[in-house]
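Trainee:
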Amino acid sequence: MSEIIQSITGYKVEVCGDVEVLFPCPCCGFRTLTESYNPIEGTGYDICPYCNWEDDGTIDANTYRSINRGSIADYRQKIQENFNQYYINKWIKDSF
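Going by our numbering, the sequence shown opens with residue 39, and the numbers climb by one from there.
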């Protein structure tokens, strides 16, 4: 991060802090979720800021989820159709 800021501004800076641990979204694969779905612990249900999928533990890409008003496949199609509206360089992507 320090190198990027220096290359843009010309100023040498020190970036401090912990790197936030993020989990991959089951829909788009980008590491955007602050916690992973776990029904036993009652965690999850984060909404991906990239594709807007709410992580409800769905694994099957074709299963319609009422909470998301569609399936993972529907959301992936929406991303393909509106690709330029999404800022993809902000997050790391996991491969499926």
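By construction, the Cβ of each residue, glycine as well, lies at the ideal position given by its N, Cα and C atoms.
It should be emphasised that the depicted structure is a prediction, and the values quoted were computed from it without experimental measurement.
Under a Cβ-count criterion, where at least 16 other Cβ atoms within 10 Å of its own Cβ denotes burial, should N76 be classed as buried or exposed?
Mentor: Under this definition N76 is an exposed residue.
Trainee: Which residues mark the beginning and the end of the alpha helix (DSSP H) in which R107 is found?
Mentor: Taken as a continuous stretch (DSSP letters only), R107 belongs to no alpha helix (DSSP H), as it is neither H nor E.
Trainee: What does DSSP give as the partner residue(s) for R69 in the beta ladder?
Mentor: Answer is P62, bridged to R69.
Trainee: Buried or exposed, going by whether 16 or more other CB atoms sit within 10 Å of the CB of Y113?
Mentor: Burial call: buried.
Trainee: Tell me the DSSP secondary structure of K116 in three-state form.
Mentor: If DSSP states are grouped into helix, strand and coil, K116 belongs with the helices.
Trainee: Whole angstroms are fine: how far does the CA of S109 sit from the CA of E92?
Mentor: Each residue's alpha carbon lies about 11 Å from the other.
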